[in-house]
Amino acid sequence: MRNPEEIMTAHGIKPTSNRILVLREILRSKNPVSLMDLEEMLETLDKSSIFRVLTLLSEHGVLHAVEDGRGIVRYETCSGHHEEGGVDSDLHAHFYCEGCKKVFCFDDIPTPEVAVPEGFGVRSINYMIKGLCPACNSGSPT
2 MRNPEEIMTA HGIKPTSNRI LVLREILRSK NPVSLMDLEE MLETLDKSSI
52 FRVLTLLSEH GVLHAVEDGR GIVRYETCSG HHEEGGVDSD LHAHFYCEGC
102 KKVFCFDDIP TPEVAVPEGF GVRSINYMIK GLCPACNSGS PT
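If you read the sequence shown in the working numbering, its first letter stands for residue 2, the second for the next number, and so on.
Put into structure tokens, the structure is as follows:
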């Protein structure tokens, strides 16, 4: 597992205890996590503290946010470099399972390039595929 303190320091963020706790849980997770997920994982931190950490880490390109297709924002670490005010270079497809409600990263499926009209500035792209994951599709428990 990558070291939360090193990641934050590399992005110019002071690694406080709350920030370390939040980032450690995100790094441990196999799927993108929501604010509600983190509240359950980190019972010692309140919702507003977790949200402030998520906002800071997102602003510095440590995390990117993905809307899961139901209006719930989930967070995951960025493996690509995020330029200040630029487009996240870690854009890839995600899969939302309508059965178990989990979101999966498809790191090897890049988002398609989109040519937007002149004057528009793209900062992120949410490429969400919906359906059933292998466990739900086969009828076995997740």
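Every residue, glycine too, gets a C-beta built ideally from N, C-alpha and C.
Around the CB of cysteine 98, 16 or more other CB atoms lie within 10 Å, so the residue is classed as buried.
Here proline 113 carries a coil assignment [DSSP, helix/strand/coil]. Among the bridge pairs identified by DSSP, glycine 132 is matched with Cys98. Contact check between the region 69-79 and the region 26-40: three or more CB pairs, one atom from each, fall below 8 Å, which counts as touching. Per DSSP, the continuous beta strand (DSSP E) segment holding valine 67 begins and ends at 64-68. By the neighbour-count criterion, in which a residue is buried when 16 or more other Cβ atoms sit within 10 angstroms of its Cβ, arginine 71 is exposed.
Annotation: the continuous alpha helix (DSSP H) that includes valine 54 extends over 48-60.
A direct Cα-Cα distance of roughly 11 Å separates glutamate 7 from valine 63. Annotated three-state conformation of glutamate 119 is coil, per DSSP. Less than 8 Å divides the Cβ of isoleucine 130 from the Cβ of alanine 94. A direct Cα-to-Cα measurement between glutamate 114 and glycine 122 gives close to 14 Å. Per DSSP, arginine 20 is one residue of the alpha helix (DSSP H) stretching across 18-29. With contacts defined by Cβ atoms closer than 8 Å, valine 67 and asparagine 127 form a contacting pair.
By alpha-carbon distance to methionine 9, the top candidate from Leu57, Arg29, Phe96 is Leu57. At a Cβ-Cβ threshold of 8 Å, proline 5 and arginine 25 count as neighbours.
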